[in-house]
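In full-length UniProt numbering, the protein residues as written are 1 to 321.
We put the CB at the ideal spot given by N, CA and C, even for glycine.
Have a look at the structure below, then the notes.
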(Lines of atoms letter the chains of each structure in order from A and count residues from 1; the text may use other names and numbers.)
(Lines give C-alpha, C1' and ligand atoms only; values in the text may rest on other atoms or scores of the structure.)
Protein backbone atom coordinates (compact mmCIF):
# COMPACT_ATOMS: atom_id res chain seq x y z
CA UNK A 1 0.00 0.00 0.00
CA UNK A 2 1.12 3.62 -0.51
CA UNK A 3 2.86 4.83 2.63
CA UNK A 4 1.05 7.50 4.66
CA UNK A 5 3.03 10.50 5.91
CA UNK A 6 2.03 13.26 8.25
CA UNK A 7 4.09 16.07 6.75
CA UNK A 8 4.15 17.71 3.35
CA UNK A 9 5.22 16.24 0.03
CA UNK A 10 8.91 15.61 -0.67
CA UNK A 11 10.53 18.35 -2.73
CA UNK A 12 10.82 16.26 -5.95
CA UNK A 13 8.79 15.58 -7.93
CA UNK A 14 -5.26 -5.50 -21.13
CA UNK A 15 -5.43 -7.99 -22.00
CA UNK A 16 -4.82 -11.55 -20.64
CA UNK A 17 -1.52 -11.74 -22.51
CA UNK A 18 -0.14 -8.69 -20.72
CA UNK A 19 -0.30 -6.55 -23.87
CA UNK A 20 -2.44 -3.46 -24.51
CA UNK A 21 -5.96 -4.14 -25.73
CA UNK A 22 -6.02 -4.14 -29.55
CA UNK A 23 -7.44 -1.15 -31.36
CA UNK A 24 -10.74 -2.71 -32.37
CA UNK A 25 -13.84 -0.60 -32.60
CA UNK A 26 -17.57 -0.52 -32.14
CA UNK A 27 -20.12 -2.47 -34.16
CA UNK A 28 -22.59 -0.71 -36.38
CA UNK A 29 -25.59 0.37 -34.34
CA UNK A 30 -29.03 -0.86 -35.38
CA UNK A 31 -30.54 2.47 -34.35
CA UNK A 32 -29.33 5.85 -33.18
CA UNK A 33 -28.31 5.75 -29.50
CA UNK A 34 -30.81 7.28 -27.12
CA UNK A 35 -30.03 9.88 -24.46
CA UNK A 36 -28.88 8.56 -21.10
CA UNK A 37 -31.85 10.04 -19.24
CA UNK A 38 -34.39 8.44 -21.55
CA UNK A 39 -32.71 5.06 -21.27
CA UNK A 40 -32.57 5.20 -17.47
CA UNK A 41 -36.25 6.11 -17.26
CA UNK A 42 -37.06 2.65 -18.62
CA UNK A 43 -33.96 0.43 -18.74
CA UNK A 44 -35.89 -2.84 -18.78
CA UNK A 45 -33.56 -5.72 -17.95
CA UNK A 46 -30.42 -3.95 -19.20
CA UNK A 47 -29.20 -3.10 -15.68
CA UNK A 48 -30.51 -6.18 -13.89
CA UNK A 49 -27.16 -7.96 -13.72
CA UNK A 50 -23.92 -6.34 -12.70
CA UNK A 51 -21.21 -5.43 -12.47
CA UNK A 52 -21.90 -2.37 -14.61
CA UNK A 53 -19.25 -0.04 -16.06
CA UNK A 54 -19.99 3.59 -16.92
CA UNK A 55 -17.40 4.94 -19.39
CA UNK A 56 -17.47 8.65 -20.20
CA UNK A 57 -16.03 9.27 -23.67
CA UNK A 58 -14.61 12.78 -23.88
CA UNK A 59 -12.60 12.49 -27.11
CA UNK A 60 -11.44 9.90 -29.66
CA UNK A 61 -8.43 8.63 -27.71
CA UNK A 62 -8.39 4.82 -27.51
CA UNK A 63 -12.17 4.48 -27.27
CA UNK A 64 -12.34 0.97 -28.70
CA UNK A 65 -9.32 -0.19 -26.68
CA UNK A 66 -10.98 1.09 -23.50
CA UNK A 67 -14.22 -0.74 -24.18
CA UNK A 68 -12.42 -3.92 -25.24
CA UNK A 69 -10.31 -3.92 -22.06
CA UNK A 70 -13.36 -3.69 -19.80
CA UNK A 71 -15.23 -6.33 -21.78
CA UNK A 72 -12.34 -8.71 -21.13
CA UNK A 73 -12.53 -8.02 -17.41
CA UNK A 74 -16.06 -9.41 -17.47
CA UNK A 75 -18.41 -6.45 -16.96
CA UNK A 76 -21.93 -7.59 -17.82
CA UNK A 77 -22.99 -4.18 -19.11
CA UNK A 78 -20.88 -1.24 -20.28
CA UNK A 79 -22.63 2.11 -20.72
CA UNK A 80 -20.49 4.05 -23.21
CA UNK A 81 -21.55 7.69 -22.83
CA UNK A 82 -20.62 10.12 -25.59
CA UNK A 83 -21.79 13.55 -26.84
CA UNK A 84 -22.36 12.15 -30.33
CA UNK A 85 -23.01 8.60 -31.57
CA UNK A 86 -19.85 6.54 -31.66
CA UNK A 87 -18.67 5.60 -35.16
CA UNK A 88 -19.39 2.15 -36.55
CA UNK A 89 -16.17 0.37 -37.46
CA UNK A 90 -14.77 -3.15 -37.01
CA UNK A 91 -16.70 -5.22 -34.45
CA UNK A 92 -15.79 -5.56 -30.82
CA UNK A 93 -15.75 -9.02 -29.29
CA UNK A 94 -19.23 -8.30 -27.95
CA UNK A 95 -21.52 -11.03 -29.22
CA UNK A 96 -23.82 -10.62 -26.21
CA UNK A 97 -24.32 -6.89 -26.76
CA UNK A 98 -22.79 -5.81 -23.47
CA UNK A 99 -21.68 -2.39 -24.78
CA UNK A 100 -24.49 0.17 -25.00
CA UNK A 101 -23.78 3.60 -26.48
CA UNK A 102 -25.85 6.39 -24.92
CA UNK A 103 -25.82 10.13 -25.56
CA UNK A 104 -24.59 12.34 -22.71
CA UNK A 105 -22.76 15.67 -22.64
CA UNK A 106 -19.50 14.26 -21.29
CA UNK A 107 -17.73 17.61 -21.72
CA UNK A 108 -19.96 19.45 -19.25
CA UNK A 109 -18.35 20.31 -15.91
CA UNK A 110 -20.69 18.06 -13.90
CA UNK A 111 -20.93 15.33 -16.55
CA UNK A 112 -19.49 12.58 -14.35
CA UNK A 113 -21.56 13.14 -11.22
CA UNK A 114 -24.80 13.62 -13.18
CA UNK A 115 -24.28 10.41 -15.11
CA UNK A 116 -23.12 8.20 -12.24
CA UNK A 117 -25.76 9.45 -9.81
CA UNK A 118 -28.47 8.88 -12.41
CA UNK A 119 -27.28 5.29 -12.90
CA UNK A 120 -27.20 4.78 -9.12
CA UNK A 121 -30.88 5.75 -8.94
CA UNK A 122 -31.89 3.53 -11.86
CA UNK A 123 -29.86 0.40 -11.09
CA UNK A 124 -31.13 -2.28 -8.69
CA UNK A 125 -30.04 -1.90 -5.07
CA UNK A 126 -26.63 -3.45 -4.32
CA UNK A 127 -25.45 -3.46 -7.95
CA UNK A 128 -21.68 -3.16 -8.36
CA UNK A 129 -20.83 -0.06 -10.38
CA UNK A 130 -17.55 1.14 -11.91
CA UNK A 131 -16.92 4.49 -13.57
CA UNK A 132 -14.07 5.86 -15.66
CA UNK A 133 -13.20 7.66 -18.87
CA UNK A 134 -11.91 6.67 -22.29
CA UNK A 135 -8.15 5.99 -22.33
CA UNK A 136 -8.47 4.70 -18.75
CA UNK A 137 -7.97 1.03 -17.92
CA UNK A 138 -9.01 -0.71 -14.71
CA UNK A 139 -6.58 -3.17 -13.13
CA UNK A 140 -7.03 -5.22 -9.98
CA UNK A 141 -4.92 -8.02 -8.46
CA UNK A 142 -4.68 -11.01 -10.82
CA UNK A 143 -6.96 -9.31 -13.37
CA UNK A 144 -5.30 -11.26 -16.20
CA UNK A 145 -6.77 -14.55 -14.95
CA UNK A 146 -9.67 -13.60 -12.66
CA UNK A 147 -12.88 -11.83 -13.66
CA UNK A 148 -14.24 -8.64 -12.17
CA UNK A 149 -17.15 -10.68 -10.82
CA UNK A 150 -14.81 -13.03 -8.94
CA UNK A 151 -12.92 -10.14 -7.43
CA UNK A 152 -16.03 -8.25 -6.33
CA UNK A 153 -17.56 -11.44 -4.98
CA UNK A 154 -14.60 -11.86 -2.63
CA UNK A 155 -14.69 -8.16 -1.69
CA UNK A 156 -18.38 -8.46 -0.80
CA UNK A 157 -17.67 -11.53 1.35
CA UNK A 158 -15.39 -9.29 3.39
CA UNK A 159 -18.38 -7.00 3.94
CA UNK A 160 -16.94 -4.23 1.81
CA UNK A 161 -19.28 -2.13 -0.31
CA UNK A 162 -16.68 0.03 -2.05
CA UNK A 163 -13.09 -0.20 -3.24
CA UNK A 164 -10.33 2.38 -3.25
CA UNK A 165 -8.61 2.79 -6.61
CA UNK A 166 -5.43 4.73 -7.35
CA UNK A 167 -5.31 6.61 -10.65
CA UNK A 168 -1.88 5.90 -12.16
CA UNK A 169 -0.97 8.50 -14.78
CA UNK A 170 0.23 7.06 -18.09
CA UNK A 171 1.98 9.12 -20.75
CA UNK A 172 3.80 8.80 -24.05
CA UNK A 173 7.60 9.11 -23.73
CA UNK A 174 7.96 11.71 -26.49
CA UNK A 175 5.44 14.46 -27.17
CA UNK A 176 7.08 15.19 -30.52
CA UNK A 177 6.08 11.69 -31.63
CA UNK A 178 2.74 11.55 -29.76
CA UNK A 179 1.55 15.15 -29.31
CA UNK A 180 -1.67 13.98 -27.65
CA UNK A 181 0.49 12.21 -24.99
CA UNK A 182 -1.19 8.84 -25.70
CA UNK A 183 0.77 5.74 -26.73
CA UNK A 184 -0.55 2.30 -25.92
CA UNK A 185 2.55 0.40 -27.02
CA UNK A 186 5.07 2.82 -25.46
CA UNK A 187 3.19 3.92 -22.34
CA UNK A 188 5.26 5.12 -19.38
CA UNK A 189 4.42 5.90 -15.76
CA UNK A 190 6.14 7.02 -12.56
CA UNK A 191 7.51 4.24 -10.37
CA UNK A 192 8.09 6.55 -7.37
CA UNK A 193 6.82 9.84 -5.97
CA UNK A 194 3.54 8.68 -4.42
CA UNK A 195 2.49 9.67 -0.92
CA UNK A 196 -0.57 10.01 1.32
CA UNK A 197 -1.75 12.56 3.86
CA UNK A 198 -4.38 12.21 6.56
CA UNK A 199 -7.81 13.42 5.44
CA UNK A 200 -8.96 16.20 7.79
CA UNK A 201 -12.38 16.12 9.42
CA UNK A 202 -14.49 19.08 10.56
CA UNK A 203 -13.28 18.84 14.15
CA UNK A 204 -9.62 19.42 13.33
CA UNK A 205 -8.66 15.75 13.44
CA UNK A 206 -8.44 13.12 10.72
CA UNK A 207 -11.08 10.84 9.28
CA UNK A 208 -10.77 7.20 10.27
CA UNK A 209 -9.28 4.94 7.56
CA UNK A 210 -9.31 7.74 4.98
CA UNK A 211 -6.29 9.27 3.28
CA UNK A 212 -5.66 11.73 0.46
CA UNK A 213 -3.24 10.23 -2.08
CA UNK A 214 -0.95 12.14 -4.42
CA UNK A 215 1.64 11.39 -7.09
CA UNK A 216 2.24 10.97 -10.79
CA UNK A 217 1.84 13.85 -13.23
CA UNK A 218 -0.55 15.60 -10.85
CA UNK A 219 2.29 15.95 -8.36
CA UNK A 220 5.13 16.74 -10.78
CA UNK A 221 3.07 19.35 -12.65
CA UNK A 222 0.80 20.44 -9.82
CA UNK A 223 1.21 24.13 -10.71
CA UNK A 224 -0.90 23.45 -13.81
CA UNK A 225 -3.75 21.77 -11.92
CA UNK A 226 -6.22 23.33 -9.46
CA UNK A 227 -5.87 21.99 -5.89
CA UNK A 228 -9.11 20.00 -6.07
CA UNK A 229 -7.77 18.02 -9.08
CA UNK A 230 -4.45 16.87 -7.61
CA UNK A 231 -5.51 13.77 -5.66
CA UNK A 232 -5.12 10.37 -7.30
CA UNK A 233 -7.53 8.40 -5.11
CA UNK A 234 -10.93 7.56 -6.51
CA UNK A 235 -13.73 5.35 -5.19
CA UNK A 236 -14.33 3.93 -8.66
CA UNK A 237 -15.98 0.64 -7.60
CA UNK A 238 -18.94 0.52 -5.25
CA UNK A 239 -22.35 -1.03 -4.58
CA UNK A 240 -25.39 1.11 -5.23
CA UNK A 241 -27.82 2.44 -2.64
CA UNK A 242 -30.74 4.63 -3.61
CA UNK A 243 -29.61 7.51 -1.38
CA UNK A 244 -25.90 7.19 -2.25
CA UNK A 245 -24.34 10.00 -4.27
CA UNK A 246 -21.02 10.47 -6.01
CA UNK A 247 -19.43 13.79 -5.02
CA UNK A 248 -17.44 16.03 -7.39
CA UNK A 249 -14.13 15.06 -5.73
CA UNK A 250 -14.57 11.30 -6.44
CA UNK A 251 -15.70 10.53 -2.89
CA UNK A 252 -19.12 9.14 -2.00
CA UNK A 253 -21.77 10.58 0.31
CA UNK A 254 -21.53 7.67 2.80
CA UNK A 255 -18.25 8.00 4.72
CA UNK A 256 -17.61 4.26 5.12
CA UNK A 257 -17.50 3.98 1.33
CA UNK A 258 -14.48 6.31 1.33
CA UNK A 259 -12.32 4.13 3.59
CA UNK A 260 -9.36 2.19 2.21
CA UNK A 261 -9.87 -0.87 4.43
CA UNK A 262 -12.07 -2.39 7.11
CA UNK A 263 -11.02 -1.94 10.79
CA UNK A 264 -9.50 -5.40 11.21
CA UNK A 265 -7.27 -6.02 8.16
CA UNK A 266 -6.20 -4.71 4.77
CA UNK A 267 -8.58 -5.15 1.85
CA UNK A 268 -8.26 -5.33 -1.90
CA UNK A 269 -7.45 -2.12 -3.74
CA UNK A 270 -7.36 -1.51 -7.49
CA UNK A 271 -5.73 0.88 -9.95
CA UNK A 272 -6.90 2.86 -12.97
CA UNK A 273 -4.13 3.34 -15.55
CA UNK A 274 -5.07 6.64 -17.14
CA UNK A 275 -3.86 8.88 -19.96
CA UNK A 276 -6.40 11.56 -18.98
CA UNK A 277 -4.10 13.97 -17.12
CA UNK A 278 -1.36 13.62 -19.74
CA UNK A 279 -3.86 14.45 -22.47
CA UNK A 280 -5.04 17.54 -20.61
CA UNK A 281 -1.54 18.82 -19.87
CA UNK A 282 -0.48 18.30 -23.49
CA UNK A 283 -3.61 19.97 -24.85
CA UNK A 284 -4.20 22.97 -22.58
CA UNK A 285 -2.45 26.19 -23.68
CA UNK A 286 -1.48 27.09 -20.11
CA UNK A 287 0.61 23.95 -19.65
CA UNK A 288 1.73 22.68 -23.05
CA UNK A 289 4.13 25.59 -23.61
CA UNK A 290 5.98 24.68 -20.40
CA UNK A 291 6.21 20.90 -20.87
CA UNK A 292 8.64 19.41 -23.39
CA UNK A 293 8.16 15.78 -22.28
CA UNK A 294 6.71 13.90 -19.32
CA UNK A 295 9.59 11.46 -18.83
CA UNK A 296 12.05 11.84 -15.95
CA UNK A 297 14.56 9.64 -14.15
CA UNK A 298 11.81 7.64 -12.42
CA UNK A 299 9.77 6.91 -15.55
CA UNK A 300 9.42 3.23 -16.45
CA UNK A 301 7.55 1.39 -19.23
CA UNK A 302 4.06 0.24 -18.32
CA UNK A 303 3.78 -3.53 -18.75
CA UNK A 304 -0.04 -3.69 -18.80
CA UNK A 305 0.08 -6.28 -16.01
CA UNK A 306 -1.42 -6.20 -12.53
CA UNK A 307 1.72 -7.74 -11.03
CA UNK A 308 3.78 -4.65 -11.89
CA UNK A 309 1.31 -2.40 -10.05
CA UNK A 310 1.25 -4.70 -7.01
CA UNK A 311 5.05 -4.81 -6.84
CA UNK A 312 5.16 -1.01 -6.69
CA UNK A 313 2.45 -0.82 -4.02
CA UNK A 314 -0.07 0.85 -6.32
CA UNK A 315 -2.66 -1.77 -5.44
CA UNK A 316 -2.77 -4.74 -3.11
CA UNK A 317 -4.55 -8.10 -2.91
CA UNK A 318 -5.46 -7.85 0.76
CA UNK A 319 -6.52 -11.36 1.81
CA UNK A 320 -7.20 -12.51 -1.79
CA UNK A 321 -4.45 -14.93 -2.81
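Each of 53, 122, 101 and 193 was checked against the Cα of residue 45, and the nearest Cα belongs to 122. Within 10 angstroms of the beta-carbon of residue 183 lie 16 or more other beta-carbons, which makes it buried. Residue 168 places its beta carbon less than 8 Å from that of residue 309. If the five residues before and after residue 127 are omitted, its C-beta is found closer than 8 Å to the C-beta atoms of 47, 50, 51, 52, 239 and 240, all from its own chain and listed in chain order. One Cα belongs to residue 40, the other to residue 287, and the distance between them is close to 38 Å.
With distances taken between CA atoms, residue 120 lies nearest to 244 out of 185, 253, 301 and 244. Judged by beta-carbon spacing, residue 232 lies within the 8 Å limit of residue 218, meaning their Cβ atoms are closer than that value. Annotation for residue 103: no alpha helix (DSSP H) segment contains it, though the beta strand (DSSP E) segment containing it runs 99-103.
Taken atom to atom, the span from the alpha-carbon of residue 190 to that of residue 103 is near 35 Å. For residue 319, the three-state secondary structure derived from DSSP is coil. Counting C-beta pairs closer than 8 Å gives three or more between the stretch 260-272 and the stretch 304-318, which meets the contact rule. Assignment of residue 221 by DSSP, reduced to helix, strand and coil, places it in the coil class. Assigned with DSSP and collapsed to three states, residue 274 falls in strand. Taken through DSSP and simplified to helix, strand or coil, residue 236 comes out as strand. Inclusion of residue 66 and residue 137 in the CB contact set at 8 Å is warranted, their separation being smaller than that value. Assignment of residue 228 by DSSP, reduced to helix, strand and coil, places it in the helix class.
When the beta-carbon positions are compared, residue 314 and residue 166 come within less than 8 Å of each other. By the neighbour-count criterion, in which 16 or more other beta carbons inside 10 Å mark a residue as buried, residue 141 falls on the buried side.
Here DSSP, grouped into helix, strand and coil, assigns residue 67 to helix. When the alpha-carbon of residue 303 is set against those of 42, 161, 170 and 96, the nearest one is in 170.
Close CB contacts of residue 237 within its chain, under the 6 Å cut and outside five residues either way in sequence, are with 130 and 163 (chain order). Setting aside the 5 residues that flank it on each side, residue 198 is surrounded in the same chain by 206, each with a C-beta closer than 6 Å to its C-beta; the list follows chain order. Here residue 316 is buried, its C-beta having at least 16 other C-beta atoms within 10 Å. For residue 172 against residue 181, the beta-carbon gap comes to about 5 Å, under 8 Å, which counts as contact.
Less than 8 Å separates the beta-carbon of residue 106 from that of residue 56.
Shown here for residue 318: same chain residues with a beta carbon closer than 6 Å to its own, the five before and five after excluded, namely 266, 267 and 268 in chain order.
By DSSP's assignment, residue 127 forms no beta bridge with any residue. For residue 208, the enclosing beta strand (DSSP E) has its first and last residue at 206-214.
According to the DSSP assignment, residue 309 belongs to the alpha helix (DSSP H) that extends over 306-311.
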